[in-house]
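*Asks:*
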Amino acid sequence: MSVVTLLYECQGIFSALILSVTGILVLLLDAFSPLGRKGRLGAVAVTGTLLALALLRMDSAGSTYFQGMVVWDRFSVFLSGVLLLGSVLVIFLSLDQLRRTGLECGEYYALVLFATTGMILMVQAAHFIVLFLGLEIFSLAIYILVGLARHEKRANEAAVKYVLLGGFASGFLLYGLTFIYGATGSLSMNAIAAHLGKGETVFNPYLLLGSALVLVGFAFKLALVPFHLWTPDVYEGAPTPVTAYMAVGVKAAVFGALVRTFWVALPAVHAHWTLFFWALAAMTMTVGNLMALAQDSIKRMLAFSSVAHAGYLFMAVVADSQDALTALLVYLLAYTVMNVGAFGVLVTVQNRQESGERLEDVRGLGRRSPFLAACMALFLFSLAGIPPTAGFVGKFMVFSAAVQSGYTGLVIVAVINSVIAAYYYLRVVITIYKPGDESSEVFSEPMTATLSAGEKGALLGAGALTALVGVWPHAFWNLARQAVHVLF
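With our numbering as the guide, the letters of the sequence shown map in order to residues 1 to 488.
Given below as structure tokens:
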């Protein structure tokens, strides 16, 4: 391959290359930076991520690179934008907390950048080898991030659990790919679709078994019931910025890979899994919401909430229409900003008092910090699906698409679950503005420290987008529609 050809091919993974180079640069700068001067590494990471985000173009023609293994189209551009946006917000939130907790190091920022690189490769994959490569890149990075606070027992426990169960998920996925290869003779998504389009029976036992195992691998990563048991412990044990990153980044990347798998490679198989998809979505949202009701820890509550939202998002997979996939992309954008925002408020509270994870820790927050209280209320209203917020728009679009596809029963289940979810979200809002006991240690301690620039930027950015998607959804719908159009 000539240098000119190599440079041409590399433009297909330009965003991933920018992040990789930035991550390597951060590691090199970290090696020569004296203690107490690590804050600049975060600025380098933010600059590289913003550069990759700024260079995204929605007018991409849908070219393929590296012999058809990577595709750069509007679908991958939209999801890459969501992933980069989530990464920027998380890095901003991390700047102050890493300094306060003594975890400030170049490895953290580099791992976030490398994880985002893997996620972008995953949504660009037109070949299952690239998909698996992207999955392993971001999984290995997140395994380390979860256990980064190595002196904390629960972080070590969370990392071990995530490594073991994440390894099983990767094993299921890889084993499923071997069966798909045996049934079709290729791992290229377009080649598989062409093979099945020649009249090959989709009742080939190897093909059905392979697609089932691949689905199980995706279900582990998405924390779909009954593959969700690792979620609360890992989310609670990981540093809160890492939890926020896992909650939004992994879902966006894996849903993107899931859509390409079942709409590009295996569209003929998708119809035979509809009933199973229906049950998976209903169980996930129901179990997630019921378990969230019993939580006194806000962090664990948001963990089970993420399980429930995976169920809502999976409804779009069940609906199987262009409108449903468009709604899925808008919901992923909304979920990213409102979830990072909610975890971001917990991060800022933790930075100013010993704990900020339990419900009692935020009691009286409305008096101690009206700005943080207002932000948390906005994000929780959005997670509950209260108009006019991004969460309401996302849910409304997904529910409407499901009704149009004839899945009214599933929508009824989702609406009931949304009512249940509103209870535990609003309970936190009430606690924030609830008058507390003046003599209690938690309530009487004022939050005198000012917010850092990174915290303000992340919360204001997430809040603005949460409101903007809610009041001006058509612009985002049009962008998502253009992205989904390339799959049909």
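Cβ atoms here follow ideal geometry from the backbone N, Cα and C, with glycine treated the same way.
Check whether the Cβ atoms of Leu383 and Ala373 sit closer than 7 Å, and answer yes or no.
*Replies:* Residue 383 sits at position 383 when you count from the first residue of the sequence shown. Residue 373 sits at position 373 when you count from the first residue of the sequence shown. No. Outside cutoff.
*Asks:* Where does His151 sit, in a helix, a strand or coil, going by DSSP?
*Replies:* The count along the sequence shown starts at 1 and reaches residue 151 at position 151. Residue state, collapsed to three classes: coil.
*Asks:* Quick one: grab the DSSP three-state call for Trp472.
*Replies:* Residue mapping note: residue 472 aligns to position 472 of the sequence shown, counting from 1. Trp472 falls in the coil class under three-state DSSP.
*Asks:* What residues in its chain sit with their C-beta under 6 Å from that of Ser76, if we drop five residues either side in the sequence?
*Replies:* The count along the sequence shown starts at 1 and reaches residue 76 at position 76. Cβ within range, chain order: Val123 and Gln124.
*Asks:* Judging by CA-CA distance, which residue of Leu41, Phe277 and Tyr335 is the nearest neighbour of Gly106?
*Replies:* By 1-based counting over the sequence shown, the position of residue 106 is 106. Nearest of Leu41, Phe277 and Tyr335 to Gly106, Cα basis: Leu41.
*Asks:* Please name the residue, chosen from Pro267, Glu236 and Phe277, that lies closest to Ile298 on a Cα-to-Cα basis.
*Replies:* As a working mapping, residue 298 is identified with position 298 in the sequence shown. It is Glu236 whose Cα lies nearest to the Cα of Ile298.
*Asks:* With a CB to CB cut of under 7 Å and the five nearest residues on each side skipped, what residues in its chain are close to Thr448?
*Replies:* The count along the sequence shown starts at 1 and reaches residue 448 at position 448. The predicted model places Thr448 with a pLDDT of 42, which falls under 50 and marks its position as unreliable; any figure quoted below should be read in that light. Closer than 7 Å at Cβ, skipping near neighbours: no residue.
*Asks:* Need the endpoints of the beta strand (DSSP E) that Val254 sits in, please.
*Replies:* Within the sequence shown, residue 254 is the residue found at index 254, counting from 1. Segment Lys251 to Arg260 is the alpha helix (DSSP H) holding Val254; no beta strand (DSSP E) there.
*Asks:* Just mark Lys395 as buried or exposed, buried being the case when its beta carbon has 16 or more other beta carbons within 10 Å.
*Replies:* Translated into positions along the sequence shown, residue 395 becomes position 395. When all chains shown are included, Lys395 counts as buried.
*Asks:* Would Val469 be called buried (16 or more neighbouring beta carbons within 10 Å of its own) or exposed?
*Replies:* Counting from 1 along the sequence shown, the entry for residue 469 is found at position 469. Val469 comes out buried.
*Asks:* Among Thr408, Ile24 and Thr336, which one has its Cα closest to the Cα of Leu390?
*Replies:* Locating residue 390 in the sequence shown gives position 390, counting from the first residue. One detail in the question is off: residue 390 reads as Ala in this sequence, not Leu. Taking only the C-alpha atoms, the option nearest Ala390 is Thr336.
*Asks:* With DSSP collapsed to three states, give me the class of Ala125.
*Replies:* On the sequence shown, position 125 is the one that residue 125 refers to. Three-state result, Ala125: strand.
*Asks:* Can you give the Cα-Cα distance for Tyr109 and Leu148, rounded to whole angstroms?
*Replies:* One-based indexing of the sequence shown puts residue 109 at position 109. One-based indexing of the sequence shown puts residue 148 at position 148. Roughly 12 Å separates the two Cα atoms.
*Asks:* Any contact of the stretch 184-199 with the stretch 262-272, i.e. 3+ C-beta pairs under 8 Å?
*Replies:* Contact between the stretch 184-199 and the stretch 262-272 is present, because at least three Cβ pairs lie under 8 Å.
*Asks:* Give me the Cα-Cα distance between Leu145 and Met246, rounded to the nearest whole angstrom.
*Replies:* Position 145 of the sequence shown, counting from 1, holds the residue named residue 145. Position 246 of the sequence shown, counting from 1, holds the residue named residue 246. The straight-line gap from Cα to Cα measures roughly 10 Å.
*Asks:* Helix, strand or coil: how does DSSP classify Trp72 here?
*Replies:* As a position in the sequence shown, residue 72 is number 72, starting the count at 1. If DSSP states are grouped into helix, strand and coil, Trp72 belongs with the strands.
*Asks:* Just to confirm, are Phe179 and Leu209 a CB contact at a threshold of 7 Å?
*Replies:* Indexing the sequence shown from 1 puts residue 179 at position 179. Indexing the sequence shown from 1 puts residue 209 at position 209. Yes, the pair counts as a contact, with Cβ atoms nearer than the cut-off.
*Asks:* Measure the C-alpha to C-alpha separation of Val44 and Thr286 and round it to an integer number of angstroms.
*Replies:* Sequence index remark: in the sequence shown, residue 44 carries index 44 (1-based). Sequence index remark: in the sequence shown, residue 286 carries index 286 (1-based). So the two alpha carbons sit approximately 42 Å from each other.
*Asks:* Find the nearest neighbour of Gly217 within the set Pro232, Leu174, Ala294 and Phe92, judged by alpha-carbon distance.
*Replies:* Taking the sequence shown and counting its residues from 1, the one referred to as residue 217 is at position 217. Comparing Cα-Cα distances from Gly217 to each of Pro232, Leu174, Ala294 and Phe92, the minimum goes to Leu174.
*Asks:* How about the stretch 112-120 and the stretch 217-230: do they share at least three Cβ pairs that are nearer than 8 Å?
*Replies:* No contact exists between the stretch 112-120 and the stretch 217-230.
*Asks:* Are the CB atoms of Ser405 and Ser321 within a distance shorter than 7 Å?
*Replies:* On the sequence shown, position 321 is the one that residue 321 refers to. On the sequence shown, position 405 is the one that residue 405 refers to. A contact, by the Cβ cut-off of 7 Å.
*Asks:* What do you get for Val242, buried or exposed, if any count of 16 or more other CB atoms within 10 angstroms of its CB means buried?
*Replies:* The sequence position of residue 242 within the sequence shown is 242, counting from 1. So Val242 ends up on the buried side.
*Asks:* Restricting to runs no shorter than 4 residues, where is the alpha helix (DSSP H) found entirely within the stretch 251-330?
*Replies:* You should have 251-260, 267-270, 274-293 and 298-319.
*Asks:* Taking one C-beta from the stretch 398-418 and one from the stretch 323-333 each time, how about it: are there three or more such pairs within less than 8 Å?
*Replies:* Contact holds: three or more Cβ-Cβ distances are below 8 Å.
*Asks:* Do you know offhand how far His474's Cα is from Ser211's?
*Replies:* For the purposes of this step, residue 474 is taken as the residue at position 474 of the sequence shown. For the purposes of this step, residue 211 is taken as the residue at position 211 of the sequence shown. Computed Cα separation, rounded: 35 Å.
*Asks:* To the nearest angstrom, how far is it from the Cα of Gln97 to the Cα of His270?
*Replies:* The residue given as residue 97 occupies position 97 in the sequence shown. The residue given as residue 270 occupies position 270 in the sequence shown. Distance between the alpha carbons of Gln97 and His270: 44 Å.
*Asks:* Let me confirm a value: Phe78 is counted as buried when at least 16 other C-beta atoms fall within 10 Å, else exposed. Which label applies?
*Replies:* Along the sequence shown, one-based indexing puts residue 78 at 78. Label assigned to Phe78: buried.
*Asks:* Considering only the alpha carbon of each residue, which of Ala282, Val349, Asp361 and Ala294 lies closest to Thr408?
*Replies:* As a first step, residue 408 is located in the sequence shown; it is residue number 408 there, counting from the start. Of Ala282, Val349, Asp361 and Ala294, the residue nearest in Cα terms is Ala282.
*Asks:* Helix, strand or coil for Ser188 per DSSP?
*Replies:* Walking along the sequence shown from the start, residue 188 turns up at place 188. Ser188 falls in the strand class under three-state DSSP.
*Asks:* Terminal residues of the continuous alpha helix (DSSP H) containing Tyr424?
*Replies:* In the sequence shown, counting from the first residue as 1, residue 424 sits at position 424. Note, Tyr424: alpha helix (DSSP H), Thr408 to Ile432.
*Asks:* Take Arg481 and list the residues in its own chain whose beta-carbon comes closer than 7 Å to its own, dropping the five residues that flank it on each side.
*Replies:* The residue you call residue 481 lines up with position 481 of the sequence shown. Once the five neighbours on either side are set aside, the close Cβ partners of Arg481 are Thr326.
*Asks:* Starting from the C-beta of Leu25, find all residues in its chain whose C-beta is less than 6 Å away, skip the five residues before and the five after it, and write them out in chain order.
*Replies:* Translated into positions along the sequence shown, residue 25 becomes position 25. So the list is empty, once near-sequence residues are dropped.
*Asks:* How far does the beta strand (DSSP E) with Thr64 in it extend, from its first residue to its last?
*Replies:* The count along the sequence shown starts at 1 and reaches residue 64 at position 64. Ser63 to Tyr65 is the span of the beta strand (DSSP E), which, as asked, contains Thr64.
*Asks:* Opposite Arg368 in the DSSP bridges: which residues?
*Replies:* For this step, residue 368 is matched to residue 368 along the sequence shown. Arg368 pairs with nothing; no bridge assigned.
*Asks:* Classify Gly166: buried if its beta carbon has 16 or more other beta carbons within 10 angstroms, exposed otherwise.
*Replies:* Here residue 166 refers to the residue found at position 166 of the sequence shown. Buried, because 16 or more other Cβ atoms sit within 10 Å of the Cβ of Gly166.
*Asks:* Measuring only the C-alpha atoms, how far is Arg352 from Leu95?
*Replies:* Looking up residue 352 in the sequence shown gives position 352. Looking up residue 95 in the sequence shown gives position 95. About 14 Å.
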